[in-house]
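Colleague:
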Amino acid sequence: MQREDVLGEALKLLELQGIANTTLEMVAERVDYPLDELRRFWPDKEAILYDALRYLSQQIDVWRRQLMLDETQTAEQKLLARYQALSECVKNNRYPGCLFIAACTFYPDPGHPIHQLADQQKSAAYDFTHETVNHAGS
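Numbers given in the numbering used here equal positions in the sequence shown, counted from 1, plus 24.
#1: Touch check for the segment 43-60 and the segment 98-105: three-plus C-beta pairs under 8 Å?
#2: Find the nearest neighbour of I138 within the set H159, D151, T96 and L73, judged by alpha-carbon distance.
#3: Where does R27 fall in DSSP's three states?
#4: Specify whether the segment 28-41 and the segment 117-130 touch according to this definition: at least 3 beta carbon pairs, one from each stretch, less than 8 Å apart.
#5: Do W66 and D56 have their beta-carbon atoms positioned less than 8 Å apart in this structure?
#6: I need the straight-line Cα distance from T153 to T129, nearest angstrom please.
#7: Can you list, in chain order, the residues of its chain with a C-beta nearer than 6 Å to that of L62? Leave out the 5 residues immediately preceding and following it.
#8: Between the Cα of N45 and the Cα atoms of D60, P58, E70 and D29, which residue gives the shortest distance?
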């Protein structure tokens, strides 16, 4: 089983069950992989949560960067593309932004690595919207 497959399934579980309810045991069961083997890569729930959020952040960053560099779309089209992508996520019972908000709430210490990662993604989402709206107005 590939690392990305495990992280993708962990993200699905986190979105459906929430951060508080998702366990490493649930991830192992979902991917049909021995728990002891998973623990070699992710010793605890916090480790897989961090890695899953980092993996999701990277996917979102790549998508956002590609969209920003797409010169064939206007700023308005780029904003609409963002909300169309979010709409597709929701249709598929995926809630990527909610995980970052929940992570900041679940790990309220601003110095905690999970809080920092989630906060970076929330800031990047805000910056994308702000920058795109400013370009739309100019």
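The beta carbon of each residue, even a glycine, is placed where N, CA and C say it ideally should be. Only a predicted model underlies this, so the values are computations on that prediction, with no experimental measurement involved.
Modeller: Straight from the coordinates:
#1: When Cβ pairs closer than 8 Å are counted between the two stretches, the segment 43-60 is seen not to touch the segment 98-105, the count staying below three.
#2: Nearest of H159, D151, T96 and L73 to I138, Cα basis: L73.
#3: Helix at R27.
#4: Taking 8 Å as the limit for Cβ pairs, the verdict is that the segment 117-130 does touch the segment 28-41.
#5: Cβ atoms of D56 and W66: not closer than 8 Å.
#6: Linking T153 to T129 through their CA atoms gives a straight-line distance of about 22 Å.
#7: Once the five neighbours on either side are set aside, the close Cβ partners of L62 are A52.
#8: Residue E70 holds the alpha-carbon nearest to the alpha-carbon of N45 among D60, P58, E70 and D29.
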